[in-house]
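Report on the following structure.
2 protein chains.
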Amino acid sequence: MRPVEEHAAAVAALIRATGTETVALARARGRVLAADLASPVSLPPFDNSAMDGYAVRAADLASTPVTLPVPEDVPAGRVDGPPLAPGTAHRIMTGAALPDGADAVVQVEWTDGGLPGDAVRVDRHVEAGQSVRRAGDDVVAGQVVLTAGTVLGPAQIGLAAAVGAPELTVHRRPRVLVLSTGSELVAPGQPLRHGQIHESNGPMLAAAVEDAGGEARLLRFVPDDVDEFLTTLEAALAEPTDLVVTSGGVSAGAYEVVKDAFATRGITFTKVAMQPGMPQGAGRYADRVAVVTLPGNPVSSLVSFEVFVRPALRRAAGHPHPDRARVWARVAEDLRSPDGRRQFRRGRLDLDGTVTPVGGAGSHLLAALAHADCLFVVPAEVTEVAAGSEVEVWLLDG
Amino acid sequence: MRPVEEHAAAVAALIRATGTETVALARARGRVLAADLASPVSLPPFDNSAMDGYAVRAADLASTPVTLPVPEDVPAGRVDGPPLAPGTAHRIMTGAALPDGADAVVQVEWTDGGLPGDAVRVDRHVEAGQSVRRAGDDVVAGQVVLTAGTVLGPAQIGLAAAVGAPELTVHRRPRVLVLSTGSELVAPGQPLRHGQIHESNGPMLAAAVEDAGGEARLLRFVPDDVDEFLTTLEAALAEPTDLVVTSGGVSAGAYEVVKDAFATRGITFTKVAMQPGMPQGAGRYADRVAVVTLPGNPVSSLVSFEVFVRPALRRAAGHPHPDRARVWARVAEDLRSPDGRRQFRRGRLDLDGTVTPVGGAGSHLLAALAHADCLFVVPAEVTEVAAGSEVEVWLLDG
Chain A
1 MRPVEEHAAA VAALIRATGT ETVALARARG RVLAADLASP VSLPPFDNSA
51 MDGYAVRAAD LASTPVTLPV PEDVPAGRVD GPPLAPGTAH RIMTGAALPD
101 GADAVVQVEW TDGGLPGDAV RVDRHVEAGQ SVRRAGDDVV AGQVVLTAGT
151 VLGPAQIGLA AAVGAPELTV HRRPRVLVLS TGSELVAPGQ PLRHGQIHES
201 NGPMLAAAVE DAGGEARLLR FVPDDVDEFL TTLEAALAEP TDLVVTSGGV
251 SAGAYEVVKD AFATRGITFT KVAMQPGMPQ GAGRYADRVA VVTLPGNPVS
301 SLVSFEVFVR PALRRAAGHP HPDRARVWAR VAEDLRSPDG RRQFRRGRLD
351 LDGTVTPVGG AGSHLLAALA HADCLFVVPA EVTEVAAGSE VEVWLLDG
Chain B
399 MRPVEEHAAA VAALIRATGT ETVALARARG RVLAADLASP VSLPPFDNSA
449 MDGYAVRAAD LASTPVTLPV PEDVPAGRVD GPPLAPGTAH RIMTGAALPD
499 GADAVVQVEW TDGGLPGDAV RVDRHVEAGQ SVRRAGDDVV AGQVVLTAGT
549 VLGPAQIGLA AAVGAPELTV HRRPRVLVLS TGSELVAPGQ PLRHGQIHES
599 NGPMLAAAVE DAGGEARLLR FVPDDVDEFL TTLEAALAEP TDLVVTSGGV
649 SAGAYEVVKD AFATRGITFT KVAMQPGMPQ GAGRYADRVA VVTLPGNPVS
699 SLVSFEVFVR PALRRAAGHP HPDRARVWAR VAEDLRSPDG RRQFRRGRLD
749 LDGTVTPVGG AGSHLLAALA HADCLFVVPA EVTEVAAGSE VEVWLLDG
């Protein structure tokens, strides 16, 4: 059987780096910056007042109280920059440019609040530089403020706006076509006959693709006939597609449309040394588009997606941390695991560093998966894990 | 000055619980379930095969090898359920319903692979129940599979689909109108004159609202004249709005449009005992819509959003964990903090449990905030923190 790392590397090699695109700030949240962003301006762009008060020369306040004429009013945004003559004070608001000739701001609370056109009595001395934010304190013009690979959250978007960038160059989201096959499948909301189940892998994997930062397109109930399957696939590939992810149709059975359609068209089917998720496939369909085939059991499907597809998609989209956060924790109960297969169990992680298995090893136990907040790993060569042993835990979101 | 908790409680009380809405599974990712979801079916809905192989009666395999006729082929999805007569085997595929009369499945690898209409030689005995997944193993009909308050990720969406739910009842996302004021502000992409800066709070706070699970609508460059401000606001409130968030216009200056417009219309302006973020306001505008006014410095604005607005929005939207994850860590350097004000510093948290301050305490240091991955807290009564002391750390995403 193929080691997990080997198949992971094959999938990663298959999914090519996406290109870049330019998006408005309002659309940039959660995206990954594709190029360093240098600031054309300093931040602050000019010396400005940190307080509401009066712009002064500190030397004029050598002895206080002192009364100074207030020739000008400088609200934030005043652009004509009236200079300050010695022996005077301009009223100034927080964020307004410090007038030429001024070297400090005295806050309004330390004055009698005299109005522009009149005079102000200043009661306290200030040092040169007091309540002044210097140009370039935060950012110097030319400085790279965000490096390629940064994930854009509110603060990063705010910083980009502050340096004047109305849009950003980001990695394009991988476009993923999700196909589900299986003649036993019925859409949720439709009644079941005996032998039928509701189709769940499609919406589940589409959500997993979006969670990983991709754009998912979902094609459900693709026909189980090879020719119809290929016709449906070709029609869907008319839209640009970076990856096709299928689920089901890959095991040892007599009706395995995914395997039958793809085995002679560039996709290699292998058994991977893991549980769940042994039957895997990957390759380039007709030399054109990356394909990853996941097993059909929901738990196998989502665990395989976590192990192989998610990190590859995030890497292709330039994400600085393609893998799930991993920690070590003590397992709460004794466990068994098959020899020679890496087992991925579902669990819940407690604050005290204990991981409790949720549900058994069965690959059909979707409710258990939905109540887990982590996966944990039993190495391939380990067949018994005693309660209290440390295991590697992959943290799932939320 | 008002304690942080008191203002946080006032903001939380102001933002009412949003109603519920029904969304298709494809739109449910990241939403919070508003009602328990009970399954009308069991999962699996019927006993089914865990393997590709042959449905048999274990009693017929008392001695092996044994050759049995194969009257029927049961692929997954076959709905007419052919019963199994004693002394025969039906070929069966993974997921297909176990025929009445069968009590086990023998996997194809343990047989000669005989075809339907012919016979199969079975080489190994199996116990009753082997390779059979029992109806109800995962979920019993009537069972609540997802409880109200669950955040919907891929596994939860998969489970909802599996139990047949085509759509889910979720909490409506809070609709937040973000306003920015200030005559010094210029749109990113436009040139700056001396005294002007690029507007950054609007896109930053809109991204923060979306990050918190809200729907943001951004109104930038709202006029600094009170009448024009109110006219613009009233026009925007024609669309349903759960909360108005403003930034700027609330300090002690002479031109504070937000304060001037709102102080007589239901909003209370207070000084909160924190740094940054002292000038805060909250109330119900004209008895109609919740308003929170944040200070205008970008760092003050985003930190105040984190402390007051984000948890209130998430609570209103039914989120089970409204607050940021919090941990304790040792601070890497000596720090000072003003007496009587809770200080929120920006930091980076290392894997070894050390938090390193990023940038100083200045509320204009946006670049530093954009390079932080956490906030950490210096309590109000603490004025000096020695390197190595433990501080509470709030983990920011990404």
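Protein chains in written order, with my numbering: chain A, 1 to 398; chain B, 399 to 796.
For each residue, glycine too, the CB sits at the ideal point set by N, CA and C.
For a quick check, are the C-beta atoms of residue i and residue j less than 7 Å apart?
i             : j             : result
residue 299/A : residue 369/A : yes
residue 42/A  : residue 165/A : no
residue 58/A  : residue 126/A : yes
residue 345/A : residue 274/A : no
residue 802/B : residue 581/B : The question about residue 802/B has no answer here: the residues shown for chain B are numbered 399 through 796.
residue 267/A : residue 277/A : no
residue 320/A : residue 129/A : no
residue 44/A  : residue 135/A : yes
residue 520/B : residue 423/B : no
residue 292/A : residue 32/A  : no
residue 317/A : residue 22/A  : no
residue 230/A : residue 263/A : no
residue 745/B : residue 194/A : no
residue 15/A  : residue 243/A : yes
When we look at the beta-carbon of residue i and count the other beta-carbons within 10 Å, is it buried (16 or more) or exposed?
i             : result
residue 335/A : buried
residue 196/A : buried
residue 395/A : exposed
residue 724/B : exposed
residue 402/B : buried
residue 669/B : exposed
residue 380/A : buried
residue 791/B : buried
residue 645/B : buried
residue 115/A : exposed
residue 49/A  : buried
residue 304/A : buried
residue 461/B : exposed
residue 721/B : exposed
residue 361/A : buried
residue 522/B : exposed
residue 147/A : exposed
residue 386/A : exposed
Closer than 6 Å: is that where the CB of residue i sits relative to any heavy atom of the ligand FMN?
i             : result
residue 194/A : The ligand FMN is not part of the structure shown, which contains no ligands of any sort.
Determine the closest residue to residue i out of the options, with distance taken between C-alpha atoms.
i             : options                    : result
residue 176/A : 259/A, 288/A, 98/A, 245/A  : 245/A
residue 102/A : 117/A, 83/A, 247/A, 238/A  : 83/A
residue 212/A : 660/B, 416/B, 428/B, 535/B : 428/B
residue 107/A : 120/A, 99/A, 53/A          : 53/A
residue 400/A : 383/A, 111/A, 174/A, 97/A  : In this structure chain A extends from 1 to 398, so residue 400/A is not present and cannot be described.
residue 599/B : 159/A, 185/A, 224/A, 223/A : 159/A
residue 569/B : 688/B, 474/B, 418/B        : 418/B
residue 120/A : 89/A, 96/A, 72/A           : 89/A
residue 636/B : 686/B, 735/B, 426/B, 449/B : 686/B
residue 173/A : 162/A, 189/A, 187/A, 151/A : 151/A
residue 74/A  : 96/A, 87/A, 185/A          : 96/A
residue 265/A : 290/A, 69/A, 280/A         : 290/A
Consider the Cβ of residue i: report whether some Cβ of chain E lies at a distance smaller than 7 Å.
i             : result
residue 411/B : In the displayed structure, chain E is absent; the protein chains listed are A and B.
Inter-stretch contact (C-beta, 8 Å, three-pair minimum) for the segment 706-718 of chain B and the segment 595-615 of chain B: A contact between stretches requires three or more CB pairs, one per stretch, nearer than 8 Å, and the segment 706-718 of chain B meets this requirement with the segment 595-615 of chain B.
Contact set between the segment 171-195 of chain A and chain B, restricted to residues whose Cβ is under 9 Å from the partner: 182, 183, 184, 185, 186, 187, 188, 189, 190, 191, 192, 193, 194, 195
Near-chain B residues of the segment 138-167 of chain A - C-beta to any C-beta below 9 Å: 138, 139, 143, 145, 146, 150, 151, 152, 153, 154, 155, 156, 157, 158, 159, 160, 161, 162, 163, 164, 165, 166, 167
Contact set between the segment 479-499 of chain B and chain A, restricted to residues whose Cβ is under 8 Å from the partner: 479, 489, 491, 492, 493, 494, 495
Members of the segment 592-617 of chain B that neighbour chain A once the beta carbon cut-off is set at 9 Å: 592, 593, 594, 595, 596, 597, 598, 599, 600, 601, 602, 603, 604, 605, 606, 607, 608, 609, 614, 616
The segment 551-568 of chain B in contact with the segment 361-377 of chain A per 3-pair CB rule at 8 Å: yes
Members of the segment 423-434 of chain B near chain A, C-beta cut-off 7 Å: 423, 424, 427
Short-range partners of chain A found in the segment 445-479 of chain B, where Cβ spacing is below 7 Å: 450, 473, 474, 475, 476, 477, 479
Chain-ordered residues of the segment 518-532 of chain B with a beta carbon less than 7 Å from chain A: Hits within the stretch, in order: 531.
Residues within the segment 764-789 of chain B neighbouring chain A, beta-carbon criterion of under 8 Å: 764, 765, 766, 767, 768, 770
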